[in-house]
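These protein sequence lines map, in sequence, to chains A and B. Under numbering that gives the first Met the number 0, think of the first position of the first sequence as 0, with each following residue one higher. Under numbering that gives the first Met the number 0, think of the first position of the second sequence as 0, with each following residue one higher. Ideal Cβ placement from N, Cα and C applies to all residues, glycine included. Written out below as structure tokens is the structure these notes cover.
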Amino acid sequence: MAILVYADHNNAELSSATLNAVTAANQMGGDVTVLVAGEGCDAVAEAASKVAGVSKVLVAQDAALKDQLAENVAPLIAGMASDYSHIVAPATTTGKNIMPRAAALLDTQQVSDITEVVSPDTFVRPIYAGNAMATVQSTDAIKIVTVRSTSFDPAAEEGGSASVEAVGGASDAGLSSFEGAALSDNERPELTTARVVISGGRGMQSGDNFAMLEEVADILGAAVGASRAAVDAGYVPNDYQVGQTGKVVAPELYIAVGISGAIQHLAGMKDSKVIACINKDEEAPIFQVADLGLVADLFQAVPELKSELEKQGIQAR
Amino acid sequence: MKVLVPVKRVIDYNVKVRVKADQSGVDLANVKMSMNPFDEIAVEQAVRMKEAGTVTEVVAVTLGAEQSQETLRTALAMGADRAIHVVHDGELEPLAVAKMLAKLVEEETPDMVILGKQAIDDDANQTGQMLSGLLGWSQGTFVSKVETSDGAVKVTREVDGGLETVALKMPAILTVDLRLNEPRYASLPNIMKARKKEIAKKTPDELGVDTTPRLTTVKVEEPPKRQGGAKVGSVEELVSKLHNDVGVI
């Protein structure tokens with residue numbers, strides 16, 4: 000058996016979600032090859048070659064692959080699929096965009112967003128916003144799987160010494176072209192990998208009020224997230240959204256502020272190790288999942304939280 | 000321009016799902032069913048494009064049991080012109096759905112297919128991308144903005160890092176995200192009118208698609224329950240517990 004892991008990256012850095020996917024791939028058994036498709040992505044290939052548990056890195060570099068357009072990447076993956084028993088990608092927006100297209104080209108039913116590898120052909124995945132966990136067995140010749148990052152430990156970034164091999168076969172399908180990106184300029188830790196996340200909901204009442212959360216986040220070294228309601232209301236950008244259709248997070252500590260706790264939001268954070276919440280409505284469903292719930296007006300409690308953290312000399316770990 | 004909009008009948012997003020005691024799946028008996036919320040956004044987008052004059056016909060499609068017709072009636076009441084129902088009892092996986100949609104695209108020759116980015120029951124997030132792959136069309140997934148011009152469409156996509164803009168050659172597949180629009184409620188007169196609109200029926204056999212599932216569901220279980228519900232009386236107590244008792248900060 001041989002497993003191909005599609006690397007998520009931005010041509011400069013290997014994304015951390017790829018490390019989780021490598022761990023999942025190793026649990027499926029067999030040698031793990033990482034495919035780095037992009038342009039000017041030598042540094043990514045080198046980083047991938049050092050990841051523990053990776054035996055080979057394939058690098059496909061072409062202008063057509065630079066922006067990871069699914070129309071150009073999926074045929075490349077499908078073209079090399081016959082050498083592998085499994086094709087695995089992190090369930091990032093890039094993986095979600097590309098992999099089903101590759102699966103269709105290979106006449107394969109993808110298994111999305113797995114949280115556990117039971118055996119080489121059997122996987123656990125959440126359905127109904129994580130309110131049920133399905134164990135499914137694939138009967139396809141090649142298993143195509145996307146991996147929920149928070150369910151697998153990251154593979155060590157150092158310790159591997161995989162060979163790096165250039166591969167061709169890329170071409171521009173001529174169907175789409177990348178025009179530009181407006182990526183959030185965020186100095187804080189990445190939401191999906193942060194040790195602490197503090198999220199605001201509709202109760203925040205405005206985008207300006209998120210500054211209160213940012214101040215607490217800066218003390219704790221936390222990432223800032225949001226519920227769908229806060230994103231829909233325009234308080235914060237879309238990439239803050241935690242939930243069924245946004246980002247899934249599982250930090251050591253999740254602090255939900257002014258978030259009622261709709262099942263769609265819980266789907267994105269209920270695997271956090273510790274959940275704390277601040278909400279003035281003590282009937283809010285968030286209290287049912289919170290380990291530590293504080294019934295309070297957030298506009299008093301959050302500034303108080305900041306000064307209490309400062310008073311006790313608590314710092315980011 | 001003609002647009003095809005596939006819609007799915009799913010458990011209503013407000014319903015708390017229950018796993019069956021025999022672990023064969025979730026209990027759908029006597030549970031409120033609705034159109035997948037993302038598909039409502041897809042229908043709304045198509046209808047708005049028609050109202051703006053860029054689209055001439057909106058065809059809604061569903062694949063599923065007899066009752067899925069209700070979902071098509073909702074799409075028709077929102078403004079779709081006509082509908083196609085591929086009648087099938089039992090499970091349909093995204094690949095089989097994409098294959099049937101590809102056949103319908105061959106028959107209907109739309110210029111664009113607009114789908115929800117994922118269904119809130121299986122949370123697979125695959126059908127649109129698979130359909131694009133099968134047809135060899137361009138794909139714009141997780142779309143929060145659509146601008147059409149001659150022979151091309153420009154979409155803004157919600158990605159992990161923020162937003163991305165991609166130009167797609169027509170014909171194109173779009174899968175829509177939450178922020179694209181706020182779907183309308185169908186008015187009573189439109190609901191009445193929708194009853195008279197045509198729903199053509201087909202079967203997977205007529206489309207020549209084998210719908211045999213590729214995945215075997217071994218079991219469906221409840222997720223581990225969280226032992227929540229504990230409260231603290233003050234911010235000071237909260238910080239103290241997090242720092243000293245739980246030790247996460």
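- Between residue 7 of chain A and residue 93 of chain A, the gap from beta carbon to beta carbon is short of 8 Å.
- Interface annotation, residue 248 of chain B: in contact with chain A, CB-CB separation under 8 Å.
- The closest CA to that of residue 117 of chain B, considering only A:102, A:81, A:245 and A:251, is found on A:245.
- Taking C-beta separations shorter than 6 Å and ignoring five residues to either side along the sequence, the partners of residue 254 of chain A in its chain run 197 and 275, following chain order.
- In the three-state reduction of the DSSP assignment, residue 34 of chain B falls in the strand class.
- Counting only residues of its own chain and dropping the five nearest sequence neighbours on each side, residue 22 of chain B has a CB closer than 7 Å to the CB of 218, 219 and 220.
- For residue 153 of chain B, same chain residues with a beta-carbon under 7 Å away, outside a window of 5 residues either side, are 146, 164 and 166 in chain order.
- For residue 235 of chain A and residue 209 of chain B, the gap between their C-alpha atoms comes out near 45 Å.
- Listed in chain order, the non-local C-beta contacts of residue 80 of chain A below 8 Å within the same chain comprise 3, 86, 101, 105 and 141, local neighbours out to five positions each way being set aside.
- If you check the CB distance, residue 137 of chain A and residue 110 of chain A come in under 8 Å.
- Between the segment 124-132 of chain B and the segment 93-109 of chain B, the count of C-beta pairs closer than 8 Å reaches three or more; the two stretches touch.
- Setting aside the 5 residues that flank it on each side, residue 18 of chain A is surrounded in the same chain by 153 and 154, each with a C-beta closer than 6 Å to its C-beta; the list follows chain order.
- Residue 112 of chain A and residue 68 of chain B have their alpha carbons spaced roughly 30 Å apart.
- For the segment 176-246 of chain B, the continuous alpha helix (DSSP H) assignments of 4+ residues that do not extend past its boundaries occur at 187-193, 203-206 and 234-239, in sequence order.
- Beta-bridge annotation (DSSP): residue 100 of chain A is not paired with any residue.
- Within chain A, no residue has its beta carbon less than 7 Å from that of residue 44 of chain B; the closest one is some 16 Å off.
- DSSP places residue 136 of chain A in the uninterrupted beta strand (DSSP E) bounded by 131-137.
- Shown here, residue 237 of chain A sits in a helix according to DSSP, grouped into three states.
- Here the C-alpha atom of residue 297 of chain A lies approximately 9 Å from the C-alpha atom of residue 303 of chain A.
- Distance from residue 291 of chain A to residue 241 of chain B at the Cβ level is roughly 7 Å; contact confirmed, criterion being Cβ atoms closer than 8 Å.
- When 8 Å is used as the limit between beta carbons, residue 242 of chain B is near these residues of chain A: 311 and 313, in chain order.
- Annotation: Cβ neighbours of residue 225 of chain B in chain A (cutoff 7 Å, chain order): 269 and 288.
- In this structure, the alpha-carbon of residue 180 of chain A lies about 45 Å from that of residue 28 of chain B.
- Between the alpha carbons of residue 220 of chain A and residue 211 of chain A lies a gap of roughly 14 Å.
- Residue 239 of chain A and residue 261 of chain A do not touch by the CB rule: their CB atoms are close to 16 Å apart, not below 8 Å.
- Leaving aside the five residues that flank residue 147 of chain A on each side, the residues in its chain whose CB is nearer than 7 Å to its CB run, in chain order, 90, 112, 113, 114 and 247.
- For residue 99 of chain B, none of the residues of chain A pass the 7 Å Cβ criterion, the least Cβ distance being about 13 Å.
- Inclusion of residue 130 of chain A and residue 222 of chain B in the CB contact set at 8 Å is warranted, their separation being smaller than that value.
- Residue 274 of chain A reaches chain B at 225 and 227, counting residues in chain order whose Cβ is nearer than 9 Å.
- Taking the C-beta atoms as reference points, residue 72 of chain A is found no nearer than 8 Å to residue 163 of chain A.
- Beta-bridge partners of residue 148 of chain B (DSSP): B:151.
- Nearest CB-CB separation between residue 230 of chain B and chain A: below the 8 Å threshold.
- In the three-state scheme derived from DSSP, where H, G and I count as helix and E and B as strand, residue 46 of chain B is classed as helix.
- Residues of the same chain with a CB within less than 7 Å of the CB of residue 11 of chain B, apart from the 5 flanking positions on each side, are 31, 32 and 33 in chain order.
- Residue 173 of chain A has its alpha-carbon roughly 26 Å from the corresponding atom of residue 33 of chain A.
- Around the beta-carbon of residue 62 of chain A, fewer than 16 other beta-carbon atoms lie within 10 Å, marking it exposed.
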